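Trainee: Handing you a structure now.
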Ligand code: GLU
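Numbering (the numbering used here), first residue to last: 3 to 447.
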């Protein structure tokens, strides 16, 4: 593939979730592997459902994922282009006005269903004579517009699913423009794909029928047909459709949870494919290995556990430079020694921030630790300078004096020093704290 131009075309009516991020990633990787272009297209012709806050968060999320787009367009700014295409199709007799109310359409649909027939629009409006249309318009009725499909079977070769056949005879002529003048999805999408010279359209399998319809529109506008690839939709681990209830994770949520964007991308590139799930430290490494042909028709199983695993695997292997780029709330605590100390005990990015906080701010909480034990520990705390052996020296004196051992010996110290039962090795942690801080914490200050 040479210089592929791809696009990700979200509708800004909600937050981006992992499934959307997967479609964006696939398009990004296809363009990246061919030194092409990746375009962000905001599908906001539906004024009612589109919200600016979602546009902002989609852009922010793509940026967080590292899916850098080369160009960005918003459909609401491009209506003139759609009007032009609309006029061309109308002049060719491929678009026709309709006047049925939603209620009438619903009745027609129900009648067909009762007769066990496919609920396909009967094209009643196509049979209206010119003078009937005129009198409807004169009486103040506003039309909505449909595109006239052929009754052909549209065939195309899908990058992921192989040969596809869409039987247009089984489809209603799609509504192109609503009564209020707003365009629905199909025409603007095709017009933009033509205008932006899109070579590859990778999108969810729920768009397969739309692709059949759109191929007719591409043809009607005398344009080249892009290559299509329909990726399988995400399902939860037990194969149920992915939904808010079972696993849906918005990118915002994952970000908040401290997930590394590389983990999301690594998982998204390998689920629903023939390759093993592997942790990639960067999109460049991922792009080197990625082959769209490895994607399969079978559902892509998304698992939070798998994501967590990839996440901790990636994070604990990062060197200081890599982790520095991912941590926003850095301060003087955050240095190479700190990272060396905590990295093996970290599975999310927010845990890094937790440990920055633990080392910085006084530890609160009542841990039910014997006061006398802490006093002895204070008395025996060696003076600085400290090194990696200091902890052992201190703790063996404490053992001798108190006759405590194992957990009973070190857990109270861990609790008052960190407020947690688990964490990095204490021989390293106390070096990061230094004498004064350790002493203050032993005194519960
Ligand atoms: N806005 C459509 C969606 O979010 C775009 C589909 C496409 O990629 O053409 O489903």
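Backbone N, C-alpha and C fix where the C-beta goes; we use that ideal spot for every residue, glycine too.
The structure presented is a predicted model; accordingly, all values stated were derived computationally and were not measured.
In whole angstroms, what separates the C-alpha of residue 124 from that of residue 316?
Mentor: Each residue's alpha carbon lies about 56 Å from the other.
Trainee: Are three or more beta carbon pairs between the segment 429-438 and the segment 386-399 nearer than 8 Å?
Mentor: Yes: at least three Cβ pairs fall under 8 Å.
Trainee: My parser needs the beta strand (DSSP E) runs of 3 or more residues fully inside the segment 194-230; what are they?
Mentor: Counting whole runs of 3 or more residues, the segment 194-230 contains the beta strand (DSSP E) stretches 202-206.
Trainee: What are the boundary residues of the alpha helix (DSSP H) that residue 167 is part of?
Mentor: That residue, residue 167, is in no alpha helix (DSSP H); its beta strand (DSSP E) goes 164-169.
Trainee: Does the distance between the C-beta of residue 45 and the nearest non-hydrogen atom of the ligand GLU fall short of 6 Å?
Mentor: Checking the Cβ of residue 45 against the ligand GLU gives yes.
Trainee: Find the nearest neighbour of residue 175 within the set 186, 407, 141, judged by alpha-carbon distance.
Mentor: Checked all of 186, 407, 141; the closest Cα to residue 175 is 186.
Trainee: For my contact list, residue 218 and residue 153 are in at a C-beta cut-off of 8 Å; report their separation, rounded to the angstrom.
Mentor: Residue 218 to residue 153, Cβ: 11 Å. No contact.
Trainee: Tell me whether the beta-carbon of residue 179 lies closer than 7 Å to the beta-carbon of residue 147.
Mentor: Yes, these two residues count as a Cβ contact at 7 Å.
Trainee: Can you check the segment 87-113 for any beta strand (DSSP E) of at least 3 residues that lies completely inside it and give the ranges in chain order?
Mentor: Runs of the beta strand (DSSP E) inside the segment 87-113: 97-100.
Trainee: Does the distance between the C-beta of residue 93 and the nearest non-hydrogen atom of the ligand GLU fall short of 6 Å?
Mentor: No, since every heavy atom of the ligand GLU falls outside the 6 Å radius drawn around the Cβ of residue 93.
Trainee: Looking only at its chain, what residues have a beta carbon closer than 8 Å to the beta carbon of residue 113, apart from the 5 residues adjacent to it on each side?
Mentor: So the list is empty, once near-sequence residues are dropped.
Trainee: Can the beta-carbon of residue 155 be found closer than 7 Å to that of residue 169?
Mentor: Yes, they are a contact pair.
Trainee: DSSP on residue 37, reduced to helix/strand/coil?
Mentor: Of the three classes helix, strand and coil, the one that applies to residue 37 here is coil, per DSSP.
Trainee: Out of 367, 340, 366, point me to the one whose CA is closest to residue 355's CA.
Mentor: The shortest C-alpha separation from residue 355 is found at 340.
Trainee: Who are residue 8's beta bridge partners in DSSP?
Mentor: Residue 8 is bridged to 40, 202.
Trainee: Would you mind sorting residue 243 into buried or exposed? The rule is 16 or more other CB atoms within 10 Å of its CB.
Mentor: Flag for residue 243 reads exposed.
Trainee: With residue 437 as the anchor, note down where its beta strand (DSSP E) starts and where it stops.
Mentor: Run containing residue 437: none in the beta strand (DSSP E); it sits in the alpha helix (DSSP H), 428-444.
Trainee: Enumerate in chain order the residues of its own chain whose CB-to-CB distance from residue 346 is below 8 Å, with the five nearest sequence positions on each side excluded.
Mentor: Excluding positions up to five away in sequence, the list reads 318, 426.
Trainee: Quick one: Cα of residue 62 to Cα of residue 8, how far?
Mentor: One C-alpha to the other measures close to 19 Å.
Trainee: My output table needs one value for residue 371: the three-state DSSP class, helix, strand or coil.
Mentor: Coil, per DSSP.
Trainee: Among 353, 441, 375, 408, which has the Cα closest to the Cα of residue 422?
Mentor: It is 353 whose Cα lies nearest to the Cα of residue 422.
Trainee: Contact between the segment 280-295 and the segment 13-21 is defined here as three or more beta-carbon pairs at a separation below 8 Å; is this criterion met?
Mentor: In short, these stretches do not touch, since the Cβ pair count stays below three.
Trainee: For residue 74, I'd like the list of residues in its chain whose CB is within less than 6 Å of its CB, leaving aside the five on either flank, ordered along the chain.
Mentor: Only 42 meet the Cβ criterion.
Trainee: One question on the structure: do residue 220 and residue 192 come within less than 7 Å of each other, judged by their Cβ atoms?
Mentor: Against a cut-off of 7 Å, the Cβ pair of residue 192 and residue 220 comes out as a contact.
Trainee: Could you spell out the range, first to last residue, of the beta strand (DSSP E) harbouring residue 56?
Mentor: Residue 56 -> not in any beta strand (DSSP E); alpha helix (DSSP H) instead, spanning 54-67.
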